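Position one of the sequence shown corresponds to residue -11 (the working numbering), numbered consecutively onward. Even glycine gets a Cβ: it sits at the ideal position worked out from N, Cα and C. This one's a predicted model, so the numbers in the text were calculated from it and none came from an experiment.
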Amino acid sequence: MSRVAKMPVDLPQGVSATIGADAVTVKGAKGSLTLAIKNGIKVSQHDKSLAVEASGDAEGLNAVAGATRAHLANMVTGVTQGYEKKLELVGVGYRAAVQAKSLSLTLGYSHLISFPIPDGISIETPSQTEIVVKGIDRQKVGQTAAEIRGFRPPEPYKGKGVKYSDEKISLKEAKKK
């Protein structure tokens, strides 16, 4: 069995898990998340923890069991604390603003970029050059942040563009005459 899958997922106070035939639902203070379970994977609840095991000899089933355990741990963290990604806009005139259910971005193009905010995600702009993406689903938060960054990734000469707050941009030296 996978080393990751052997570790139990602890359920903190206020978090409950419901195990169905083909899905697990985790409910907490911030909301609820559901994970579909693949064939050959068995999830069981003991006291205040979840255990994942592969119930077959199919190739790659141990890896799927480890991934399922990691997804369950991310769901528990999401419904208790939530996830957030911070983005920064670097460049003259680069701005971001939240308007109703969309994020308006001015990124040096001839047009304004309007990004619709997905369900289950909240986006804040503490300043014109900062964007904070929050949510309970780790995958959705990361995907939304990656899509926003994809509109204008940082370029290697001046570092202009949309970057993660903890991202380091290694700048290239300009061509010399």
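| Check | Outcome |
| --- | --- |
| Of the residues Gln1, Ala88, Gly79, the one placed nearest Val150, counting alpha carbons only | Gly79 |
| Cβ neighbours of Ala(-3) in the same chain (closer than 7 Å, five flanking residues each side left out) | According to the sequence shown, residue -3 is Val rather than Ala. Ser37, Leu38, Arg57, Leu60, Ala61, Val64, listed in sequence order. |
| Nearest to Gly16 (by Cα), restricted to the options Pro144, Ala162, Ile124, Leu95 | Ile124 |
| Rounded separation between Val52 and Ala46 - CA only | 10 Å |
| Cβ-based burial, Lys163 [other Cβ within 10 Å; buried from 16] | exposed |
| Alpha helix (DSSP H) segment containing Ile136, residue limits | 126 to 138 |
| Cβ contact check for the stretch -2 to 6 and the stretch 107 to 121: 3 or more pairs under 8 Å | no |
| Residue burial classification, Pro142 (beta-carbon count within 10 angstroms, cutoff 16) | buried |
| Assigned exposure category for Gly54 - 16 Cβ within 10 Å defines buried | buried |
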